[in-house]
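Student: Residue numbers (this note's numbering): 4 to 333. C-beta atoms are modelled at their ideal positions from N, C-alpha and C, and glycine is treated no differently. Small disclaimer: the values here were computed from a predicted structure and weren't measured.
(1) Go ahead and label residue 185 buried or exposed: buried means 16 or more other beta carbons lie within 10 angstroms of its beta carbon, across all protein chains shown.
(2) State yes or no: is the beta carbon of residue 295 nearer than 8 Å to at least one beta carbon in chain B?
(3) Would you list the one or two residues that DSSP bridges to residue 179?
(4) Could you check whether residue 248 and residue 97 sit closer than 8 Å to each other, using their CB atoms as the reference points?
(5) Here's the rule: buried if 16 or more other CB atoms are within 10 angstroms of the residue's CB, otherwise exposed. What is residue 308?
(6) Determine whether the beta carbon atoms of residue 10 and residue 27 lie at a separation below 8 Å.
(7) Would you mind sorting residue 89 into buried or exposed? The rule is 16 or more other CB atoms within 10 Å of its CB.
(8) Could you tell me the alpha carbon to alpha carbon distance between residue 268 and residue 164, rounded to whole angstroms?
(9) How far does the beta strand (DSSP E) with residue 129 in it extend, from its first residue to its last?
(10) If you follow the beta strand (DSSP E) that residue 29 is in, where does it begin and where does it stop?
(11) Who are the Cβ neighbours of residue 137 in its own chain at under 6 Å, not counting the five residues just before and after it?
(12) Across which residues does DSSP place residue 247 in a beta bridge pair?
(13) So for residue 124, helix, strand or coil by DSSP?
(14) Mind the definition here: the region 194-208 touches the region 233-243 only if three or more C-beta pairs lie below 8 Å; say whether that holds.
(15) Can we say the region 146-161 touches the region 304-323, given the rule of at least three CB pairs closer than 8 Å?
(16) Can you name the residues that DSSP bridges to residue 327?
(17) Helix or strand or just coil, what does DSSP make of residue 52?
(18) Buried or exposed: which applies to residue 301, given that a residue is buried once 16 or more other Cβ atoms fall within 10 Å of its Cβ?
(19) If you compare alpha carbons, which of 68, 109, 91 and 157 is closest to residue 80?
(20) Terminal residues of the continuous beta strand (DSSP E) containing residue 70?
(21) Kindly indicate which three-state DSSP category residue 286 falls into: helix, strand or coil?
(22) Distance check for residue 171 and residue 69, CA to CA, integer angstroms please.
(23) Please report the Cβ distance between residue 321 and residue 286, rounded to the nearest whole angstrom; I am assuming they are in contact, meaning their Cβ atoms lie under 8 Å.
(24) Quickly, what does DSSP pair residue 62 with across the bridge? List them, please.
(25) Straight-line CA distance for residue 208 to residue 188?
(26) For residue 264, which option in 291, 21, 315 and 175 has the closest C-alpha, if you only look at C-alpha atoms?
(27) Would you mind reading off the limits of the alpha helix (DSSP H) that contains residue 16?
(28) Between which two residues does the beta strand (DSSP E) holding residue 10 run?
(29) Tell me the DSSP bridge mates of residue 160?
(30) Under a Cβ-count criterion, where at least 16 other Cβ atoms within 10 Å of its own Cβ denotes burial, should residue 100 be classed as buried or exposed?
(31) Per DSSP, residue 196 is paired with what?
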């Protein structure tokens with residue numbers, strides 16, 4: 004690990020000033036991803052700006068019935084908060100499905116949003132990787148890719164975003180808030196992550212030197228009937244090979260509203276809007292759920308060793324939506 008500077012910020016404006024003064028500076032929250040990547044040489048920041056003592060660790064209800072979540076709220080506190088569990092249960096379930104209890108005690112909401120990919124070629128500095136070294140190539144396309152993307156990828160990168168939390172946030176239209184030297188700004192999560200295209204090293208639309216200060220979840224009554232389901236290769240904590248955040252409002256056997264987002268299938272949490280459109284106003288049946296999944300997955304472009312994810316995601320859609328529909332009918 005190369006030498007780096009360290010400064011602890013005492014307020015948001017001070018943190019922004021430190022980040023803006025040095026293009027090589029990075030914000031340090033829990034460090035559960037950043038510090039690991041520094042140890043392997045993938046990340047080489049010139050300076051760390053410790054933001055853990057900033058007043059961004061609260062979860063509050065908004066006037067319109069949503070939630071405001073600070074950037075330094077730990078994953079453990081987010082999952083345990085009574086209003087998160089009551090209003091957005093899939094979010095609490097998603098957080099609990101990620102990592103171990105020890106990591107959740109350290110990891111922060113803002114840091115979770117900025118997680119880097121866990122592709123083995125990315126984390127091995129002896130290998131080529133367009134995300135780590137633009138223009139060097141993507142060996143995963145012809146190499147080990149059974150956990151990689153089936154949606155929204157390109158020949159330049161087929162890695163998937165690792166966050167469980169982000170999948171639920173995508174389903175519930177979260178908005179990311181940040182601060183820059185020019186003032187505050189916000190980005191809907193749907194615009195926060197950039198498409199892979201030819202520039203996979205550009206991952207988010209955050210302005211240079213910006214500090215994430217938190218996020219808001221707009222009111223969504225349908226979210227109270229929601230669920231997160233994660234499939235992984237071992238029972239102990241592991242990254243998903245496929246996951247889904249789903250919410251369903253059924254009235255008289257008809258889908259009034261539905262939210263769907265997929266995880267571990269794309270470079271960003273994947274909002275399944277084609278499936279949502281196919282279901283809204285139609286019957287809440289297993290056949291309809293399967294047809295909607297097929298409509299979403301029609302755009303899938305699996306590689307030779309990850310085609311199983313198409314079937315996996317279809318089965319997840321049908322299983323989770325069927326469970327939610329049966330619960331609504333009781």
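Tutor: Let's see:
(1) Within the chain shown, the letter at position 182 stands for residue 185. The residue is exposed, with fewer than 16 neighbouring Cβ atoms inside 10 Å.
(2) You won't find chain B in this structure, because it holds only one protein chain.
(3) Within the chain shown, the letter at position 176 stands for residue 179. Per DSSP, the beta bridge partners of residue 179 are 190 and 218.
(4) To locate residue 97, count along the chain shown from 1; it is residue 94. To locate residue 248, count along the chain shown from 1; it is residue 245. Cβ distance < 8 Å, so residue 97 and residue 248 count as in contact.
(5) On the chain shown, position 305 is the one that residue 308 refers to. Sixteen is the threshold: since fewer than 16 other Cβ atoms of the shown chains lie within 10 Å of the Cβ of residue 308, the residue is exposed.
(6) To locate residue 10, count along the chain shown from 1; it is residue 7. To locate residue 27, count along the chain shown from 1; it is residue 24. Against a cut-off of 8 Å, the Cβ pair of residue 27 and residue 10 comes out as no contact.
(7) Here residue 89 is taken as the residue at index 86 of the chain shown, counted from 1. That one is exposed.
(8) Start at 1 with the first residue of the chain shown, and residue 268 comes out as number 265. Start at 1 with the first residue of the chain shown, and residue 164 comes out as number 161. For residue 268 and residue 164, the distance between alpha carbons rounds to 8 Å.
(9) Working through the chain shown from its first residue, we reach residue 129 at position 126. That residue, residue 129, is in no beta strand (DSSP E); it is neither H nor E in DSSP.
(10) Translated into positions along the chain shown, residue 29 becomes position 26. That run of the beta strand (DSSP E) goes 28-31.
(11) As a working note, residue 137 is residue 134 in the chain shown. These residues qualify, in order along the chain: 204.
(12) The sequence position of residue 247 within the chain shown is 244, counting from 1. Note: residue 247 sits in a beta bridge opposite 232 and 265.
(13) By 1-based counting over the chain shown, the position of residue 124 is 121. Helix at residue 124.
(14) No, the region 194-208 is not in contact with the region 233-243.
(15) The way I'd put it, the region 146-161 does touch the region 304-323; three or more beta-carbon pairs between them come closer than 8 Å.
(16) Stepping through the chain shown from its first residue, residue 327 is reached at position 324. According to DSSP, which records beta bridges pairwise, residue 327 is partnered with nothing at all.
(17) Numbered from its first residue, the chain shown carries residue 52 at position 49. In the structure shown, residue 52 adopts extended strand secondary structure according to DSSP, grouped into three states.
(18) Counting from one through the chain shown, the residue named residue 301 turns up at place 298. Residue 301 should be labelled exposed.
(19) As a first step, residue 80 is located in the chain shown; it is residue number 77 there, counting from the start. Closest in C-alpha terms to residue 80, from the list 68, 109, 91 and 157, comes 109.
(20) The count along the chain shown starts at 1 and reaches residue 70 at position 67. Where residue 70 is concerned, the enclosing beta strand (DSSP E) stretches over 70-73.
(21) The sequence position of residue 286 within the chain shown is 283, counting from 1. Taken through DSSP and simplified to helix, strand or coil, residue 286 comes out as strand.
(22) Position 66 of the chain shown holds residue 69. Position 168 of the chain shown holds residue 171. Each residue's Cα considered, the two are about 15 Å apart.
(23) Stepping through the chain shown from its first residue, residue 321 is reached at position 318. Stepping through the chain shown from its first residue, residue 286 is reached at position 283. No, residue 321 and residue 286 are not in contact; Cβ-Cβ is about 13 Å, not under 8 Å.
(24) By one-based count along the chain shown, residue 62 stands at place 59. Under the DSSP definition of a beta bridge, residue 62 partners with 72.
(25) By 1-based counting over the chain shown, the position of residue 208 is 205. By 1-based counting over the chain shown, the position of residue 188 is 185. Within the model, the alpha-carbon separation for residue 208 versus residue 188 is close to 11 Å.
(26) Position 261 of the chain shown holds residue 264. Residue 175 is the option with its Cα nearest to residue 264.
(27) Locating residue 16 in the chain shown gives position 13, counting from the first residue. Per DSSP, residue 16 belongs to the alpha helix (DSSP H) from 15-24.
(28) Locating residue 10 in the chain shown gives position 7, where the first residue counts as 1. Element bounds for residue 10: 8-11.
(29) The residue you call residue 160 lines up with position 157 of the chain shown. Beta-bridge pairing links residue 160 to 157.
(30) Your numbering for residue 100 matches position 97 in the chain shown. Buried, by the Cβ-count rule.
(31) Translated into the one-based positions of the chain shown, residue 196 becomes position 193. The bridge partners DSSP lists for residue 196 are 207.
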